[in-house]
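Chains as they are written, first to last, in the numbering used here: chain A, 191 to 560; chain B, 155 to 463; chain C, 446 to 700; chain D, 56 to 476.
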């Protein structure tokens, strides 16, 4: 049950830096989500933790012990692949039992032919049987134990992959976008199941996803990555309420945080905001912190573009005056929705807003004056 | 806490690490490549040297250095162009015929009909018959006065043909036999490719009203084209190396009309005992083959780029 | 396509007199066994076939062992000179085999591999290795890399990863490569005639060519030996045919 | 740059890898020699494999087992490969102790210093003129094993039945062959076509060119391809070809067909006649021999017995040769050789002569046939004859006049010979 320390870890393939050096410390039992768009280096980082990819520089420590060169098999990890990587020629039972067999076999027993016999014997072993059966029951796979992965649905395969990783009771679980191949309904259910599993086993999980909802619902800690850089490390609330920069702000939340750059434009409302918050500032605010008020009453005037009902509430897209190329979103109760093309004004709770430097995009802490 | 270990990591440690990761493929390849190196690659390099000497079969390692004289003689003589032309005709002929018949056979066998597997087995058998045995039975069948082929022709009211002793029939005969042996391989590989044509696509095109031929042309053919292309290059290489069939049937005759490069090399090196000249022919042949292969690979790469763009 | 095979059997079952004095019967005859057995007297058919089998099986095993290593390295590792190694392998395919006769002979003399079936195993394996490697490499290319990583994570040592996880998946391709290697070893003539001068060590190809080059050759006997020579290869082929079809095209179909 | 350079075999990775093994092997072969005791000599010949007579020949030379303290062991080479295989073996310093080889192979072995001089081995033997070619530059390297002259073999049963005479001119040959085919439906003339490219015609052309007094080079080695005699010979071949009397099948099939009584006439050697008589397809009494239907006699093939200079048993091998040319050895060989002229003049037994009326004919022909080796260009004979036959085939197939074709051939051969030296 390790505490994971990243000490200046970085990765490059040839001349291309895919992950800039960074430091982080992940406590034991944490559910860490590596979140970012595809190609941001999050899978690479996960593979580095697993030992499947070399670490270019820096030190990776499990409980303060450097493991840079430790073999994958020594790290006591489970890894659930995006594609599940089930062994197609083996039955579900054999797939799940495989790690158990490998744990029990010594060097010479892996010799061809001999290994076949020994594996056959181990498959009949009572402890192996009960472990596999128990896990299968827990994950609802009992009926499929003698099928091959090819004959299973996506959700079933996913559970087999999970079962295979659980069977050894490792101290670290690594999951690489395990839900991305499932349909929406199943995904929500599995999300809950995995989160429950984490609470149950109490081990450290590292989970890679590009889906920020998965991240927000499951994580105890999130590392947001983009373009090979660590953008922010924090709890889901930190990430959501206090994004470290505009990249994180734009990535997390659906719709994401609205960003209004005050550095240009000469409308009157801009000029007055500039006076309050400085002229190199980007104001960021969540759609739920926006109130739509009649034109002339709020802080930012604009025109309603679309109204999208999501059930209990609606998402209203507004084009701010002098801001034609981007939309600003508001999340409002259904009974308060304006009509498209209506002139409105936005009233914003500045105390819950974030402020960023318009040049660097970094978060700046400003005293709220308005 | 451990200190940051980027650039300060001891050199020795880094070497060990890169060796560990970098050496695996080398270790895997070492065995096979030492083996190939001893058996093929080194002898090949020797051939380059021998082609620059006047080595004879009786003194293979003690030829006298004669520079490019062998090449000058070979390239200025009238024999080589004929040999190269024969090689081209033989290669193209066997490849085209084997591909056409093989693909057709695969399409036929891929249909569902009674006795399908028997037909497949019969069509596939020639591949398994050793070349020498195959050439011998054809030799007997091609016999002008006693051969079953001429008997068939005569039964049809045609004159018998001197298959192995007249132009252009000798070339036709060796191409036919070579293709006969190659068709099963083409058929089997194409069959596998056909089996992997997605059924929905084929069905969809039929539902869309495409005629059978259209389905083949627009759906099936593009799907098996990469396979056919690969088969073509394999067949070309095979034809460039094929020796036993011609050696048994015509020995390169008549009037050198089936004298391909392999036969010519064999003649120079073993009949005339001119190892140097034989090596020269071999090097010329290899050079041409490599140029063609490189051209093929370049085309392939360009095609790939076009497709991914 | 099937007729020459039939004609081979037909000729083998004819008598010499029938072949030369009357049109060869179109139907199989079964009345000439005594002449045939007399003509085959002294032809060491059994040892010829056993020797061919030894060469063919040896060639197959060695080829597959080496080409799995080669194919795995070429498919799974990026390293300097990989392209060159692949091209080198490929270009050895284009060289007529006769070119190597003398250098290999000289080499084998020193190794005591002349007049030795092992020598022919080595020769045929060297010539079969490249094509076999390409077939198997194409198959390995088609296996998701993650499967091997999963095996590593599951605490499987490389040996088991190869034999338990990878090999079963590329079995069809291995069968295909094995058939090619087997045929190469079974039918090879050029090296066999040069390297094997001891009658007891003759493979069937040499025996057949000796039979043919005898003055006063008996055509039925030649064809009978041809049939016996072809039969095991055909049988072997028909036996594995079902499995190899998908193996031959792994990778190729994907382009 | 012209100096001889040894190819750096020693640098080869192979040699490095295998050096120790090679040493072991070398020690192994060196150690088996023992003084005063009999050794086992290896005898390399393609004829051991011949159907019918191979065993007989082996039995004949096995007589040495009894005549000496040594024993003999056969090494069998397929006839099609013996030249290449032996050359390869000898080139690598290996090979059997005693070899039985064709004259053209003999020439290249002498040239390469592969052979042991044999003067002392045959001292006092009563050698006949078949041994003349065994002496090169005054040193004897080979002793005649067998000479196989070509003569016209015919099936008298068929000829009588069709009512044709034994031909004495090419015109008569065509006529007789046609009648045989028309009357009896058999192959009139069984010589393989000049377009069957198995190398046979590189020699077989000489039946017609030698037959008309031609030769390919004069005594001084000057190439004489386009002489009137050769042109005439080629024109005859063209006539025969146009008449369609050649067989398009190879030698072996023709032999088998002759043995089955399906061929009227064929140019053959004694071995072929012996095979036919032993095959049982026809009455041996019907096999007869006549001179070829040309003004001059044709050619012979010649086999020499030679001793491998690399042999660890050179002296014992020479003992074998000495024994072979004794009366005892020759008589044993005679029995197995049919009617081929041997190193000494041993007559065929009366019994054999009675059973095989053709036998005496070959002995007679053999004394005046010629070698196929081109004087002064023995080593290049195959290459020269290939060039000539390429042009002869042009005459047959493309109707190029013989004179023109041989003039072109003369030019090609001159080029080759000029460049070769």
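Backbone N, C-alpha and C define an ideal beta-carbon position, used for all residues, glycine too.
- For residue 147/D, the chain C residues whose C-beta falls within less than 7 angstroms of its own C-beta are 550, 551, 554, listed in chain order.
- In this structure, residue 442/D sits near residue 467/D, with a CB-CB distance shorter than 8 angstroms.
- When the five nearest sequence neighbours on each side are left out, the beta carbons in the same chain lying within less than 7 angstroms of the beta carbon of residue 522/A are those of 482, 503, 504, 506, in order along the chain.
- Excluding its 5 nearest sequence neighbours in each direction, residue 334/B has C-beta neighbours in its own chain below 6 angstroms: 280, listed in chain order.
- Counted as a single uninterrupted DSSP element, the alpha helix (DSSP H) harbouring residue 120/D occupies residues 109-122.
- A distance of 8 angstroms or more separates the beta carbons of residue 146/D and residue 183/B.
- Listed by position along chain D, the residues whose Cβ is nearer than 9 angstroms to that of residue 405/B are 251, 252, 253, 254.
- Unbroken beta strand (DSSP E) stretches of 3 residues or longer found wholly inside the region 445-532 of chain A: 448-451, 471-475, 480-484, 490-499, 503-510, 518-523, given in chain order.
- Note on geometry: alpha-carbon atoms of residue 445/A and residue 401/A lie some 13 angstroms from one another.
- Residues 195 of the same chain have their beta carbon placed closer than 6 angstroms to that of residue 174/D, with the five preceding and five following residues left out of the count.
- When C-beta distances to chain D are compared with 8 angstroms, the residues of the region 651-670 of chain C below that value are 651, 654, 655, 657, 658, 659, 660, 661, 662, 663, 664, in chain order.
- Going by DSSP, residue 209/D is part of no alpha helix (DSSP H) but of the beta strand (DSSP E) stretching over 206-210.
- Residues of chain D with a Cβ closer than 9 angstroms to the Cβ of residue 547/C are, in chain order, 143, 146, 147.
- For residue 257/D, the closest C-alpha among the options 457/D, 437/D, 455/D is that of 437/D.
- Taking CB atoms only, residue 167/D has a neighbour in chain B less than 8 angstroms away.
- Sequence-distant Cβ neighbours of residue 342/B in its own chain, meaning closer than 7 angstroms and more than five residues away, are 278.
- According to the DSSP secondary-structure assignment, residue 203/A is paired through a beta bridge with 206/A.
- In its chain, beyond the 5 residues on either side, 128, 130, 151, 152 have a beta carbon closer than 6 angstroms to the beta carbon of residue 97/D.
- If you draw a straight line from the Cα of residue 274/A to the Cα of residue 262/B, it is about 39 angstroms long.
- For residue 364/A, the beta-bridge partners assigned by DSSP are 269/A, 396/A.
- In this structure, 201/A is the residue among 215/A, 492/A, 201/A with its C-alpha nearest to the C-alpha of residue 245/A.
- Sorting 533/C, 483/C, 592/C, 548/C by C-alpha distance to the C-alpha of residue 277/A places 592/C at the top.
- Residue burial annotation: residue 418/A is buried, with at least 16 other C-beta atoms found within 10 angstroms of its C-beta.
- DSSP links residue 354/D through a beta bridge to 425/D.
- Listed in chain order, the positions of the region 422-449 of chain B with a beta carbon within less than 8 angstroms of a beta carbon of chain D are 424, 425, 426, 427, 428.
- Put simply, the backbone Cα of residue 541/A is about 25 angstroms away from that of residue 493/A.
- For residue 231/A, there is no enclosing alpha helix (DSSP H), since its DSSP letter is neither H nor E.
- For the region 455-471 of chain C, the set of positions with a beta-carbon nearer than 9 angstroms to some beta-carbon of chain D reads 461, 462, 464, 465, 466 in chain order.
- The distance from the Cβ of residue 470/A to that of residue 543/A is about 16 angstroms, inconsistent with a contact at the 8 angstroms cut-off.
- Assigned with DSSP and collapsed to three states, residue 200/D falls in strand.
- Residue 642/C belongs to the set of residues whose beta carbon lies under 8 angstroms from a beta carbon in chain D.
- Within the region 403-430 of chain A, the complete beta strand (DSSP E) segments of 3 residues or longer fall at 411-416, 419-424, listed in chain order.
- Using a 10 angstroms sphere on the CB of residue 368/D, the tally of other CB atoms reaches 16 or more, which defines it as buried.
- Looking at the backbone, the Cα of residue 148/D and that of residue 141/D are separated by about 10 angstroms.
- The straight-line gap separating the alpha-carbon atoms of residue 450/B and residue 367/B is approximately 29 angstroms.
- For residue 547/A, no alpha helix (DSSP H) run applies; the uninterrupted beta strand (DSSP E) run containing it begins and ends at 544-547, by DSSP.
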